[in-house]
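Following: one structure in C-alpha cells, then a few remarks.
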Amino acid sequence: MLNVDEQSYREKVYEIVRQIPVGKIMTYGQIADILGEGYTARTVGYVMNAASTQKVPWQRVINSQGGCSTSKMTTPHNLQQSLLEEEGVIFKNEKCDVKTYRWTPEGYEEEDDQPNLFG
DNA sequence: AACTTGACGAGGG
DNA sequence: CCCCTCGCCAAGT
Numbered sequence: 683m684l685n686v687d688e689q690s691y692r693e694k695v696y697e698i699v700r701q702i703p704v705g706k707i708m709t710y711g712q713i714a715d716i717l718g719e720g721y722t723a724r725t726v727g728y729v730m731n732a733a734s735t736q737k738v739p740w741q742r743v744i745n746s747q748g749g750c751s752t753s754k755m756t757t758p759h760n761l762q763q764s765l766l767e768e769e770g771v772i773f774k775n776e777k778c779d780v781k782t783y784r785w786t787p788e789g790y791e792e793e794d795d796q797p798n799l800f801g
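So the first sequence is numbered by my numbering: it starts at 683 and just counts up by one.
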C-alpha cells in the first residue's frame, strides 16, 4: 500500500497522471492545483519532462492553451499530439479544446463557486 | 549558498 | 494572435 504522503515529489504527480482516462487530458496547472502543497504548473512540467520514461500516459498532460509543449522540443515533431489523436482527441491548428477534453479525478472536483446573482 | 533553467499560467499591451 | 513580464518552485551548475 502506497500512501500518497509516502510518495516522492514526482510520484505524487505520476499518481494523478496514471488516472487520466483514454481520450482525456489534464493541464499542468490543474495537476499542480490538485496537489497543492508546493506544487505549481512549472514544477509539474518539470516532473513531466522525465515522465516519458515512466509508466505514465504522459501524453495526456498538456498546457492550458490546449497545445503540446513538446511540439517544438526534444520529442519528434508532434508525437504527443499524434498519440492523443489516436485516443480520439481532435486537434485544430495544433491545439485541442481544453474545455471539452479536460478531466478531473473523482474526489478532486473543481470548485465551482458561482455567486447566487439571482438569490 | 547564489544564479540559471524549465513539457507552465495569468495579465497587459 | 504575438510578445513581454511576473510569479512559481525543483534541479542543475
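Just so you know, even glycine gets a beta-carbon here, dropped at the ideal spot from N, CA and C.
Quick caveat: nothing in here was measured; it's all calculated off a predicted structure.
Does Ile744 come out as helix, strand or coil in the three-state DSSP assignment? Position 62 of the first sequence, counted from the first residue, corresponds to residue 744. Three-state result, Ile744: strand.
For Arg692, three-class secondary structure by DSSP: Within the first sequence, the letter at position 10 stands for residue 692. Here Arg692 sits in helix by DSSP.
How far does the alpha helix (DSSP H) with Ser734 in it extend, from its first residue to its last? Along the first sequence, one-based indexing puts residue 734 at 52. For Ser734, there is no enclosing alpha helix (DSSP H), as DSSP marks it with neither H nor E.
What's the gap between the Cα of Arg700 and the Cα of Thr725? Taking the first sequence and counting its residues from 1, one reaches residue 700 at position 18. Taking the first sequence and counting its residues from 1, one reaches residue 725 at position 43. Rounded to whole angstroms, the gap between the alpha carbons of Arg700 and Thr725 is 18 Å.
From the DSSP output, in three-state form, read off Ile716 for me. If you number the first sequence from 1, residue 716 lands on position 34. In the three-state scheme derived from DSSP, where H, G and I count as helix and E and B as strand, Ile716 is classed as helix.
Could you check what DSSP says for Thr709 in three-state terms: helix, strand or coil? The residue you call residue 709 lines up with position 27 of the first sequence. Strand, per DSSP.
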